[in-house]
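S.K.:
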Amino acid sequence: MADEALFLLLHNEIVSGVYKSAEQGEVENGRCITKLENMGFRVGQGLIERFTKDTARFKDELDIMKFICKDFWTTVFKKQIDNLRTNHQGIYVLQDNKFRLLTQMSAGKQYLEHASKYLAFTCGLIRGGLSNLGIKSIVTAEVSSMPACKFQVMIQKL
Amino acid sequence: MAVCIAVIAKENYPLYIRSTPTENELKFHYMVHTSLDVVDEKISAMGKALVDQRELYLGLLYPTEDYKVYGYVTNSKVKFVMVVDSSNTALRDNEIRSVSAGDWRTTPGWWMFRKLHNSYTDVMCNPFYNPGDRIQSRAFDNMVMSMMIQVC
């Protein structure tokens, strides 16, 4: 599908664009991750509004997380999350063994330090989606070996 | 056919409200405000229901002497409220029959709210719109206007 390639290319350009503007001093260095995350947040809010238009009302938090792992992930990344784990106290770990935005990079350790740049947008995407469904959360990502990554979602209880 | 259409945010403040200019606007604001309690009640009752009964459309919220108030809540907890003139029989007759048969999709009310929801989604996906702000989109405005004039 063509739209998939477009999304990957656009995402790559956004990341390099943000980092380039940081080099030129337009954005404070170190704020790049936040900027990317905020972009993802807004996109997530819009996307979830569109995706949940035809679904039944969600039963609970777990129901929402399952929707994110299955439907949301399939639409954006063309595959489901491989593993969803939770401690039933507001922490969810979403594991993707072959994360789309990392597959174009070498699978070795060479680019491991750059991986976090390419995950910030997706973290925002999840956070934005959840926030529009009424769940406040903190989303962090970690990569141990290259195309696989884990997203940790910490739900903020009111 | 509708005399007032309102969009209410998650946090229960109005994002958009429009009523027919010929009538007392404040009265409709009051009616919409009152309906929010009924919406809350319906949602909390729905949480325990079966999957196929968890519809976004809430149906008739409450009738008054001259008007009927209908409601719809999106998954993002944004509420749509529509006030319809009681003398409008097209909406009413179909409604009761289809809803008791459990088939929401055949009701005209369902279709009107779907249109509203689609338009709202377009507003949300507009990059120049800030989620949580009042809706000032002209396209949304026109759609709402067309639903208020249209006679079913």
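Note that the protein sequences, when read in sequence, are chains A and B. Here the first sequence stands for residues 1 to 158, numbered as in the UniProt record's numbering. Here the second sequence stands for residues 1 to 152, numbered as in the UniProt record's numbering. From the three backbone atoms N, C-alpha and C, an ideal C-beta is built for every residue, glycine too.
1. Rounding to the nearest angstrom, what Cα-Cα distance links residue 203 of chain A and C32 of chain A in this structure?
2. Just the C-alpha distance for D96 of chain A and S116 of chain A, rounded to the nearest angstrom, thanks.
3. Taking Q89 of chain A as the reference, give the member of A:A141, A:V153, A:E13 and A:N38 with the closest Cα.
4. In this structure, what does DSSP give as the bridge partners for C4 of chain B?
5. So, does the CB of E37 of chain A fall closer than 9 Å to a CB anywhere in chain B?
6. Looking at T86 of chain A and F67 of chain A, is the spacing between their C-beta atoms short of 9 Å?
7. Does DSSP put L56 of chain B in a helix, a strand or coil?
8. What span of residues does the beta strand (DSSP E) with S137 of chain A cover, start to end?
9. Quick one: measure Cβ to Cβ for G124 of chain A and G40 of chain A, integer angstroms, because I've assumed they're closer than 8 Å.
10. Please return the same chain residues whose Cβ sits closer than 8 Å to the Cβ of P127 of chain B, not counting the five positions on each side in sequence.
11. Closer than 8 Å, Cβ to any Cβ of chain A: which residues of the segment 15-35 of chain B, in chain order?
12. So the beta strand (DSSP E) I155 of chain A belongs to, where does it begin and stop?
13. Compare the Cα-Cα distances from Q156 of chain A to each of A:L112, A:F99, A:Y92 and A:R100 and report the closest residue.
14. My understanding is that V3 of chain B touches V83 of chain B, with C-beta atoms under 8 Å, so please give their C-beta distance in whole angstroms.
15. Determine the closest residue to V69 of chain B out of B:N12, B:F28, B:Y120 and B:R134, with distance taken between C-alpha atoms.
16. May I ask you to report which of helix, strand or coil DSSP gives G44 of chain A?
17. My output table needs one value for L94 of chain A: the three-state DSSP class, helix, strand or coil.
18. Does the separation of the CB atoms of W73 of chain A and I81 of chain A fall below 9 Å?
19. Less than 8 Å between the CB atoms is what I'm expecting for I8 of chain B and V78 of chain B, so what's the real figure, rounded?
20. Which residues of chain A have a Cβ atom closer than 9 Å to the Cβ of T121 of chain B, listed in chain order?
21. Report all residues from its chain with a CB closer than 6 Å to the CB of D141 of chain B; omit the five preceding and five following residues, and keep chain order.
22. I want to verify the contact list: residues of chain B whose CB lies under 7 Å from the CB of F58 of chain A, in sequence order.
23. Closest to A148 of chain A by C-alpha separation, out of A:L112, A:V43, A:S16 and A:F51, would be which residue?
24. With DSSP collapsed to three states, give me the class of L6 of chain A.
M.R.: By the coordinates alone:
1. Within the shown structure, residues of chain A are numbered from 1 to 158, placing residue 203 of chain A beyond reach of any answer.
2. Mapped onto the first sequence, residue 96 of chain A falls at position 96. Mapped onto the first sequence, residue 116 of chain A falls at position 116. Rounded to whole angstroms, D96 of chain A to S116 of chain A spans 15 Å at the Cα level.
3. Taking the first sequence and counting its residues from 1, one reaches residue 89 of chain A at position 89. The shortest C-alpha separation from Q89 of chain A is found at A:V153.
4. Counting from one through the second sequence, the residue named residue 4 of chain B turns up at place 4. C4 of chain B pairs with B:S19 and B:V83.
5. Numbered from 1 along the first sequence, position 37 holds the residue referred to as residue 37 of chain A. Taking Cβ atoms only, chain B never reaches closer than 9 Å to E37 of chain A, which makes this a no.
6. Within the first sequence, residue 67 of chain A is the residue found at index 67, counting from 1. Within the first sequence, residue 86 of chain A is the residue found at index 86, counting from 1. It is not a contact, given that the beta carbons lie outside the stated cut-off.
7. In the second sequence, residue 56 of chain B corresponds to position 56, counting from 1. Coil at L56 of chain B, not helix or strand.
8. Along the first sequence, read from residue 1 onward, the residue named residue 137 of chain A stands at position 137. That run of the beta strand (DSSP E) goes S137 to E142.
9. Sequence index remark: in the first sequence, residue 124 of chain A carries index 124 (1-based). Sequence index remark: in the first sequence, residue 40 of chain A carries index 40 (1-based). G124 of chain A to G40 of chain A, Cβ: 2 Å. Contact.
10. Here residue 127 of chain B is taken as the residue at index 127 of the second sequence, counted from 1. Here the set comprises nothing.
11. none
12. The count along the first sequence starts at 1 and reaches residue 155 of chain A at position 155. C149 to I155 is the extent of the beta strand (DSSP E) around I155 of chain A.
13. Looking up residue 156 of chain A in the first sequence gives position 156. It is A:Y92 whose Cα lies nearest to the Cα of Q156 of chain A.
14. Locating residue 3 of chain B in the second sequence gives position 3, counting from the first residue. Locating residue 83 of chain B in the second sequence gives position 83, counting from the first residue. At roughly 5 Å, the Cβ-Cβ gap stays under 8 Å, so V3 of chain B and V83 of chain B are in contact.
15. One-based indexing of the second sequence puts residue 69 of chain B at position 69. Per the Cα distances, B:F28.
16. Indexing the first sequence from 1 puts residue 44 of chain A at position 44. Looking at G44 of chain A - three-state DSSP - the assignment turns out to be helix.
17. What you label residue 94 of chain A is simply residue 94 of the first sequence in a count that begins at 1. The answer is strand: DSSP assigns L94 of chain A an E or B state.
18. As a position in the first sequence, residue 73 of chain A is number 73, starting the count at 1. As a position in the first sequence, residue 81 of chain A is number 81, starting the count at 1. Yes, Cβ-Cβ distance for W73 of chain A and I81 of chain A is below 9 Å.
19. Within the second sequence, residue 8 of chain B is the residue found at index 8, counting from 1. Within the second sequence, residue 78 of chain B is the residue found at index 78, counting from 1. Contact flag correct, Cβ pair sits at about 7 Å.
20. As a position in the second sequence, residue 121 of chain B is number 121, starting the count at 1. The answer, in chain order, is G46, E49, R50 and K53.
21. The count along the second sequence starts at 1 and reaches residue 141 of chain B at position 141. Counting only Cβ-Cβ distances below 6 Å, and skipping sequence neighbours, we find nothing.
22. The residue you call residue 58 of chain A lines up with position 58 of the first sequence. Result: N75.
23. In the first sequence, counting from the first residue as 1, residue 148 of chain A sits at position 148. Answer by Cα proximity: A:L112.
24. Walking along the first sequence from the start, residue 6 of chain A turns up at place 6. Helix, per DSSP.
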